[in-house]
Amino acid sequence: MRKYFITGLLVLVPLAITLWVLNLVIGTLDQSLLLVPQQWQPRTHIPGLGAIITLVVVFLTGLLTNNLVGNYVVRLWERLLHRIPVVNSIYGSVKQVSDTLFSSSGNAFRKAVLIPYPHENSYTIGFLTGVPGGDVKNHLVGDYVSVYVPTTPNPTSGFFLMLERSRVVELDMSVDAALKYIVSMGVVAPPDLTPAAAVPVNAAALEIKN
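Just so we're aligned: 192 in my numbering is position 194 of the sequence shown, and the numbers increase by one with no gaps anywhere.
Below, the structure written as structure tokens:
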């Protein structure tokens, strides 16, 4: 009975969590219907209608801003926002972060790395996010990189570290595979490399130093 019970959990738990996440996302997107005028809202609630409208609006916004006229309008809108006190600082910060994370030309979360954390004799997986900038780099002697270390099992929270490049080992692993490895607490391991491609941590670090 214990075997059958565990087998049932292995089948139903992933399905239940998937449905719960989908219900949460769709329910959140459905709230966009509240922005529609009352006379335009459907008389009966249709689950998922708000999510569909939101996705269509996002798609049309991207479509319209990818031409000269739309791009010009967006620039005018951003100039207006930058002239409003308080709003300019909030919008500017959020815009810079979103451009870094979602832009295809950005460098955020483009590479999974192995770093010594929280001490020299233990390692964890992080993601390269760039290099230190501003006045911070003036106080760092050497070649440093910025690394985001997500927590397990919630990768949306984590730690921002600045480490010497020689202590950071770039992994032959996709970002998706690394995230699955982190979220699953090491249970869902990525496929093994061939012996020729696998490099010990100390040897890889030494090679980077040289």
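We put the beta carbon where it would ideally sit given N, CA and C, even for glycine.
For PRO116, tell me which candidate among TYR89, PHE157, SER91, ASP133 has the shortest Cα-Cα distance.
Position 118 of the sequence shown, counted from the first residue, corresponds to residue 116. Residue PHE157 is the option with its Cα nearest to PRO116.
Can you tell me which of the three DSSP states GLY6 falls into?
Taking the first residue of the sequence shown as 1, we reach residue 6 at position 8. Helix at GLY6.
What would DSSP say about LEU138, mapped onto helix, strand or coil?
Stepping through the sequence shown from its first residue, residue 138 is reached at position 140. In the structure shown, LEU138 sits in coil (DSSP, three-state: anything other than H, G, I, E or B).
By Cβ distance, which residues of its chain are closer than 8 angstroms to HIS80, with the 5 residues on each side in sequence left out?
Position 82 of the sequence shown holds residue 80. Counting only Cβ-Cβ distances below 8 angstroms, and skipping sequence neighbours, we find ASN86, TYR89, GLY90.
Counting beta carbon pairs with one atom in the stretch 30 to 45 and one in the stretch 58 to 71, are three or more of them shorter than 8 angstroms?
no
Using the Cα positions of ILE210 and LEU10, report the straight-line distance between them to the nearest angstrom.
Since the first and last residues shown for the chain are -1 and 208, residue 210 lies out of range.
Select from LYS93, GLY128, PRO45, ILE123 the residue whose C-alpha is nearest the C-alpha of LEU22.
On the sequence shown, position 24 is the one that residue 22 refers to. For LEU22, the nearest C-alpha among the options comes from PRO45.
Where are the alpha helix (DSSP H) runs, 4 residues long or more, that stay fully inside the stretch 10 to 93, in chain order?
47 to 63, 66 to 80
How close, in whole Å, do the beta carbons of GLU118 and TYR142 come, if the pair is a contact with beta carbons under 8 angstroms?
Numbered from 1 along the sequence shown, position 120 holds the residue referred to as residue 118. Numbered from 1 along the sequence shown, position 144 holds the residue referred to as residue 142. With 8 angstroms as the limit, GLU118 and TYR142 do not qualify as a contact, their Cβ atoms being about 17 angstroms apart.
Give the single residue among MET183, GLY132, LEU66, LEU33 whose Cα lies nearest to the Cα of THR150.
For the purposes of this step, residue 150 is taken as residue 152 along the sequence shown, with counting starting at 1. Nearest of MET183, GLY132, LEU66, LEU33 to THR150, Cα basis: MET183.
Relative to the C-alpha of THR26, which candidate in VAL147, TYR146, THR52, SER155 has its C-alpha closest?
Within the sequence shown, the letter at position 28 stands for residue 26. Per the Cα distances, THR52.
GLY124 and VAL145 - do their beta-carbons sit closer together than 9 angstroms?
Position 147 of the sequence shown, counting from 1, holds the residue named residue 145. Position 126 of the sequence shown, counting from 1, holds the residue named residue 124. Yes; because the gap between Cβ atoms is below 9 angstroms, this pair is in contact.
Let me make sure I understand the geometry here. Which of ARG165, PRO188, MET160 has the alpha-carbon closest to that of VAL173?
Mapped onto the sequence shown, residue 173 falls at position 175. Among ARG165, PRO188, MET160, the Cα nearest to that of VAL173 belongs to PRO188.
Quick check: the Cα distance between LEU159 and VAL147, rounded to an integer number of angstroms?
Here residue 159 corresponds to residue number 161 of the sequence shown, with the count starting at 1. Here residue 147 corresponds to residue number 149 of the sequence shown, with the count starting at 1. Approximately 7 angstroms, taken between the alpha carbons.
Is ILE113 near ARG165, with beta carbons less than 9 angstroms apart?
Along the sequence shown, read from residue 1 onward, the residue named residue 113 stands at position 115. Along the sequence shown, read from residue 1 onward, the residue named residue 165 stands at position 167. Result yes, Cβ atoms of ILE113 and ARG165 sit closer than 9 angstroms.
By the 10 Å Cβ neighbour count, where 16 or more other Cβ atoms means buried, how is VAL167 classified, buried or exposed?
Numbered from 1 along the sequence shown, position 169 holds the residue referred to as residue 167. It is buried - the Cβ of VAL167 has at least 16 other Cβ atoms within 10 Å.
Kindly list the residues whose CB is nearer than 7 angstroms to the CB of ALA175, restricted to its own chain and excluding five residues on each side of it in sequence; keep chain order.
On the sequence shown, residue 175 is found 177 positions in, with the first residue counted as 1. Excluding sequence neighbours, ALA175 sits near PRO188.
When we look at the beta-carbon of VAL71 and count the other beta-carbons within 10 Å, is it buried (16 or more) or exposed?
Within the sequence shown, residue 71 is the residue found at index 73, counting from 1. Counting Cβ neighbours within 10 Å, VAL71 comes out exposed, since fewer than 16 surround it.
Since ALA175 is in the alpha helix (DSSP H), which residue starts that stretch and which ends it?
In the sequence shown, residue 175 corresponds to position 177, counting from 1. Element bounds for ALA175: 173 to 181.
Taking its Cβ as the centre, do 16 or more other Cβ atoms sit within 10 Å of ALA110, making it buried, or is it exposed?
The residue you call residue 110 lines up with position 112 of the sequence shown. Buried, because 16 or more other Cβ atoms sit within 10 Å of the Cβ of ALA110.
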